[in-house]
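Numbering (the numbering used here), first residue to last: 7 to 431.
By construction, the Cβ of each residue, glycine as well, lies at the ideal position given by its N, Cα and C atoms.
All values derive from a computational prediction rather than experimental measurement.
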């Protein structure tokens with residue numbers, strides 16, 4: 007996939023270069039020769055054209071048969087502007103990119119949304135939701151419910167400084183901030199489980215009623231952020247008097263961070279009430295167990311990504327532009343490393359009602375360092391495989407229930423739409 011995106015990146019640059027040549031003016035000479043390039047200036051006796059191969063060429067009007075597009079369009083526009091304002095229009099839009107005279111430096115600030123695939127992260131979240139649906143069908147005495155939203159969108163903030171090499175070309179150095187933290191839909195996460203069952207067991211001389219119930223609540227939350235440092239190339243194509251299209255392609259070095267926080271609690275109770283054959287109550291046995299805690303980890307990863315797209319600049323003033331752009335981004339993080347902790351406590355009460363009950367409890371803290379691994383869990387009950395990822399100290403050992411173990415891959419591949427302001431100096 008990296009090779010494909012690299013080809014896409016190089017193709018985008020090539021397309022921009024070819025497009026740059028393709029929109030240039032053409033001068034048809036009377037001897038049949040065609041000269042193509044950017045017309046720098048002209049007068050009644052000659053035309054100066056910048057050929058991409060040989061450089062500046064001055065051509066006498068007497069040698070010229072035809073010019074595409076006609077110079078008269080440009081001349082009329084300049085004359086009309088001069089009559090109204092007393093000066094020439096600094097932005098002549100009736101001619102290709104060369105007439106959008108740009109200042110040397112521009113600053114861009116913008117924001118938007120990026121739709122992502124997510125890779126193993128969303129695959130795991132989707133499979134947990136699917137697993138709970140399967141468990142709800144498979145275990146008739148239990149109630150399973152899952153509402154864990156996949157991370158499908160990231161907010162995208164960008165700042166960039168652009169160096170305008172000429173009216174057609176700019177290069178930019180920027181930084182972005184990608185996060186889903188403030189998108190409310192992505193904060194929905196809750197998985198629950200409840201179970202209760204009862205019955206009566208008969209023995210010689212006595213019987214007992216039994217009851218078991220359990221409730222489990224699990225609230226997992228991921229926070230995914232990335233900060234890319236980017237280099238971009240822009241090629242501009244004026245399209246009207248107040249706007250210009252542009253094509254862009256670039257590369258970025260990404261600093262990714264994944265945070266996971268999970269609060270959980272589990273309560274299980276078991277009780278037996280013993281009676282004699284004459285229904286006389288004797289005593290009871292109880293066995294109640296519960297635990298609660300917080301499981302969390304933070305991991306980081308760095309990688310290179312590629313992006314490319316198309317947009318349009320709308321001129322608001324001579325120095326301020328509204329920018330609307332769409333991009334496709336390819337970024338795949340494959341080597342997540344970090345540390346985690348699990349802080350939890352448990353309580354246990356058990357015993358006979360006539361002899362007294364025993365109470366035990368403990369607070370536990372566990373910490374570790376490791377990598378985020380991916381594997382597929384082969385469930386013996388549903389006979390299905392479910393994707394899993396977690397930060398583990400050691401690589402999971404493959405067995406009959408754990409298959410296809412490898413480092414987890416979390417990607418930001420997807421399309422984005424962004425709106426911003428560009429100010430030139």
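Which runs of the alpha helix (DSSP H) at least 4 residues long sit entirely within the stretch 267-347? Give them in chain order.
Those alpha helix (DSSP H) runs which fall completely within the stretch 267-347 and span 4+ residues do not exist here.
Compare the C-alpha of residue 72 against each of 36, 51, 43, 62 and name the closest.
36
If we count the other Cβ atoms within 10 Å of its Cβ and call it buried at 16 or more, is residue 363 buried or exposed?
exposed
Tell me, which residues are paired with residue 63 by DSSP?
55
Report buried or exposed for residue 386, applying the criterion of at least 16 other Cβ atoms within 10 angstroms of its Cβ.
exposed
So, do the stretch 318-333 and the stretch 342-357 have three or more beta carbon pairs nearer to each other than 8 angstroms?
The way I'd put it, the stretch 318-333 doesn't touch the stretch 342-357; fewer than three beta-carbon pairs between them come closer than 8 angstroms.
Could you compute how far the alpha carbon of residue 283 sits from the alpha carbon of residue 151?
42 angstroms
Which whole-angstrom value describes the C-beta separation of residue 419 and residue 335, a residue pair presumed to lie in contact below a C-beta threshold of 8 angstroms?
7 angstroms
Residue 280 versus 266, 249, 225, 209, residue with shortest Cα-Cα distance:
The residue with the shortest Cα to Cα distance from residue 280 is 209.
Please work out which residues of its chain come closer than 6 angstroms, Cβ to Cβ, to residue 91, disregarding the five sequence neighbours upstream and downstream, and give them in chain order.
Note that residue 91 scores 47 on pLDDT, short of 50, meaning its location in the model is unreliable and no value can be drawn from it.
Drop a sphere of 10 angstroms on the beta-carbon of residue 404, count the other beta-carbons inside from all chains shown, and report buried for 16 or more, exposed for fewer.
exposed
Same chain, Cβ closer than 8 angstroms to residue 46, neighbours up to 5 away in sequence not counted
54, 55, 56, 62, 104
Cβ shell of residue 223 (< 6 angstroms), same chain only, five flanking positions each side left out:
198, 271
Is the separation between the beta-carbon of residue 434 and that of residue 276 shorter than 7 angstroms?
Outside the modelled stretch of the chain, which goes from 7 to 431, sits residue 434, for which no answer is possible.
Hey, how far is the Cα of residue 401 from the Cα of residue 259?
27 angstroms
Counting pairs of Cβ atoms below 8 angstroms between the stretch 164-176 and the stretch 115-130, do you hit three or more?
Result yes; three or more Cβ-Cβ pairs closer than 8 angstroms.
Reference residue 50, options 365, 413, 67, closest by Cα
67
Using C-beta distances below 8 angstroms, list every residue in its chain close to residue 40, excluding the 5 sequence neighbours before and after it, in chain order.
Hits under 8 angstroms: 32, 33, 34.
Can you check whether the CB of residue 130 is closer than 7 angstroms to the CB of residue 395?
It is a contact, given that the beta carbons lie within the stated cut-off.
Does the stretch 233-253 touch the stretch 288-303, meaning 3 or more C-beta pairs lie closer than 8 angstroms?
no
So if DSSP puts residue 409 in a beta bridge, which residue, or which two residues, is it bridged to?
382
To which residues does DSSP link residue 365 through a beta bridge?
Note: residue 365 sits in a beta bridge opposite 355.
List in chain order: all unbroken beta strand (DSSP E) runs of 3+ residues lying wholly within the stretch 129-193.
148-154, 159-170, 175-185
Beta strand (DSSP E) segment containing residue 205, residue limits:
195-209
Take residue 305 and list the residues in its own chain whose beta-carbon comes closer than 7 angstroms to its own, dropping the five residues that flank it on each side.
264, 342, 343, 344, 378, 397
Whole angstroms is fine: what's the gap from residue 309's alpha carbon to residue 417's?
10 angstroms
Assuming contact is defined by CB atoms lying nearer than 7 angstroms, are residue 289 and residue 381 in contact in what I supplied?
no
Would you report the Cα separation of residue 212 and residue 147, rounded to the nearest angstrom?
Each residue's Cα considered, the two are about 27 angstroms apart.
Under a three-way DSSP split, which group does residue 418 fall into?
In this structure, residue 418 counts as coil in the three-state DSSP scheme.
Per DSSP, what kind of secondary structure is residue 127 in: helix, strand or coil?
Secondary structure of residue 127 (DSSP, three-state): helix.
Selected residue, minimal CA-CA separation from residue 424, among 287, 172, 182
182
Please state whether the Cβ-Cβ distance between residue 236 and residue 256 is less than 7 angstroms.
yes
Note down, in chain order, each residue of its chain lying with its Cβ closer than 7 angstroms to the Cβ of residue 432, except the 5 sequence neighbours on either side.
Because residue 432 is not part of the residues shown, which for the chain are 7 to 431, the question remains open.
Separation of residue 422 from residue 29, as counted between CA atoms
For residue 29, the predicted structure reports a pLDDT of 44, less than 50, and the residue's modelled location is therefore unreliable. A value from the coordinates is still provided. Distance between the alpha carbons of residue 29 and residue 422: 28 angstroms.
In whole angstroms, what separates the C-alpha of residue 110 from that of residue 125?
41 angstroms
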